[in-house]
């Protein structure tokens with residue numbers, strides 16, 4: 001499924017993250033999910049698709065809008081096929097029609113989420129946005145990593161070094 005597709009995609013490159021120091025390590029899907037399948041009209045649906053926007057030069061705003069609309073259209077088609085009993089989720093030999101609660105769209109940030117939600121709303125499909133933050137960069141872990149990197153870059157700055165040492169990564173306590 002999806003985990004295998006991600007493993008294959010990232011394994012195509014010797015250096016998928018641009019830095020040799022960051023390796024890609026393949027993972028396995030949870031045992032309970034290994035038998036899951038999704039079919040439309042009795043044909044297996046690939047776990048991953050790559051969509052390209054036609055045209056030679058495309059602005060990022062147009063691209064994001066196009067992809068949000070394409071995503072919403074795909075979801076509409078799957079839900080419609082599910083209502084007709086043509087889009088099925090399989091666990092082993094047991095199947096059931098796909099429904100909205102089975103579908104999750106992962107986005108980078110609140111802006112992308114808003115674009116997908118707007119495209120879904122245009123097609124009359126309700127959606128829910130679930131996030132504790134707008135971005136992974138707004139987490140405490142990201143802030144602590146920034147402090148650590150700043151201390152590595154300028155260890156002579158005492159306040160920067162203290163901030164890094166005070167992070168949960170070092171597990172130190174004040175005296």
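In full-length UniProt numbering, the protein residues as written are 1 to 175.
Just so it is clear, CB atoms sit at the ideal spot from N, CA and C, and this is done for glycine as well.
(message) Using only the alpha-carbon positions, how far apart do residue 103 and residue 75 sit?
(response) As a position in the chain shown, residue 103 is number 103, starting the count at 1. As a position in the chain shown, residue 75 is number 75, starting the count at 1. Each residue's Cα considered, the two are about 8 angstroms apart.
(request) Just confirm the distance between the C-beta atoms of residue 138 and residue 169, as a whole number of angstroms; I'd bet it's less than 8 angstroms. (result) Taking the first residue of the chain shown as position 1, residue 138 is located at position 138. Taking the first residue of the chain shown as position 1, residue 169 is located at position 169. Residue 138 to residue 169, Cβ: 18 angstroms. No contact.
(message) Which runs of the beta strand (DSSP E) at least 3 residues long sit entirely within the UniProt domain "UvrD-like helicase C-terminal" (29-175)? Give them in chain order.
(response) 36-40, 87-91 and 94-97
(message) Pop quiz: residue 48 and residue 2 are said to be a contact at Cβ under 8 angstroms. What is the actual Cβ separation, rounded to whole angstroms?
(response) As a position in the chain shown, residue 48 is number 48, starting the count at 1. As a position in the chain shown, residue 2 is number 2, starting the count at 1. So it is a contact: roughly 6 angstroms between Cβ atoms.
(message) Short of 8 angstroms in beta carbon distance, which residues of its chain neighbour residue 163, apart from the five on each side in sequence? Order them along the chain.
(response) For the purposes of this step, residue 163 is identified with residue 163 of the chain shown, where counting begins at 1. The residues are 147, 150 and 151.
(message) Considering just the uninterrupted stretch of the alpha helix (DSSP H) at residue 8, what are its terminal residues?
(response) As a working mapping, residue 8 is identified with position 8 in the chain shown. Start and end: 2-11.
(message) Just checking: is the beta-carbon of residue 27 within a distance shorter than 9 angstroms of some beta-carbon in chain C?
(response) Among the chains of the structure shown, chain C does not appear; only one protein chain is present.
(message) Looking at residue 72: is its Cβ nearer than 9 angstroms to the Cβ of residue 130?
(response) Locating residue 72 in the chain shown gives position 72, where the first residue counts as 1. Locating residue 130 in the chain shown gives position 130, where the first residue counts as 1. Taking 9 angstroms as the Cβ cut-off, residue 72 and residue 130 do not qualify as a contacting pair.
(message) Our contact map puts residue 107 next to residue 116 with C-beta atoms below 8 angstroms; I'd like the distance itself, whole angstroms only.
(response) Position 107 of the chain shown, counted from the first residue, corresponds to residue 107. Position 116 of the chain shown, counted from the first residue, corresponds to residue 116. Correct: roughly 6 angstroms between the Cβ atoms.
(request) Assign residue 78 to buried or exposed, taking buried as 16 or more other Cβ atoms, counted over all protein chains shown, within 10 Å of its Cβ. (result) On the chain shown, position 78 is the one that residue 78 refers to. Buried, since its Cβ has 16 or more Cβ neighbours within 10 Å.
(request) Output yes or no for whether 9 angstroms exceeds the beta carbon distance between residue 19 and residue 10. (result) The sequence position of residue 19 within the chain shown is 19, counting from 1. The sequence position of residue 10 within the chain shown is 10, counting from 1. No, these two residues do not count as a Cβ contact at 9 angstroms.
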